[in-house]
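A.B. asks: So that we are looking at the same thing, I have put the structure below in structure tokens.
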Amino acid sequence: MGTAVFDSVFHAEGVEVLRTPPQAPRANAFAERWVRTVRRECLDRIPIYHTRHLFTVLHEYLAHDNQHRPHQGRGQRPPDRHAVPAPVTDLGAVRVRRRKVVHGLDQRL
């Protein structure tokens, strides 16, 4: 099946297909930057055991990136938030609690 079939599906949905040259890492700088960030902040730090575990880790990272992680280009707001972030909390007055986000492997997998 050629790429023309995929292109026709995208065109039917009103999506413009942009062709990038092969082996040109700077052709899609936004995607390349995101992949590099995911690898550096997440995948290079966690041993991935199988495909299902990979999808679980990526799902948790994506939720963190879109809902909690501050982005400089958006005034320190995550992509899913439009309001201005809350003021900085004095850590001397608040107890910091760690929360496990990516859970261990389930033996039933």
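So the mapping is simple: the working numbering equals the position in the sequence shown, first residue as 1, plus 358. Heads up, the beta-carbon is just placed ideally off N, CA and C, and yes, glycines get one too.
1. Between which two residues does the alpha helix (DSSP H) carrying Tyr-419 extend?
2. Taking Cβ to Cβ, would you say Thr-395 is nearer than 8 Å to Ala-385?
3. Assuming His-429 is part of the alpha helix (DSSP H), what are its boundary residues?
4. So, is Val-454 buried or exposed, given that buried needs 16 or more other C-beta atoms within 10 angstroms?
5. Hey, how far is the Cα of Arg-432 from the Cα of His-440?
6. Count the CB pairs spanning the stretch 389 to 408 and the stretch 364 to 375 that are closer than 8 Å, and state whether there are at least three.
C.D. replies: Let me lay it out:
1. Along the sequence shown, read from residue 1 onward, the residue named residue 419 stands at position 61. For Tyr-419, the enclosing alpha helix (DSSP H) begins and ends at 409 to 425.
2. Within the sequence shown, residue 395 is the residue found at index 37, counting from 1. Within the sequence shown, residue 385 is the residue found at index 27, counting from 1. No. Outside cutoff.
3. Within the sequence shown, residue 429 is the residue found at index 71, counting from 1. From DSSP, His-429 is part of no alpha helix (DSSP H); its letter is neither H nor E.
4. Within the sequence shown, residue 454 is the residue found at index 96, counting from 1. Exposed, by the Cβ-count rule.
5. Position 74 of the sequence shown, counting from 1, holds the residue named residue 432. Position 82 of the sequence shown, counting from 1, holds the residue named residue 440. Annotation: Arg-432 to His-440 spans about 9 Å, alpha carbon to alpha carbon.
6. In short, these stretches do not touch, since the Cβ pair count stays below three.
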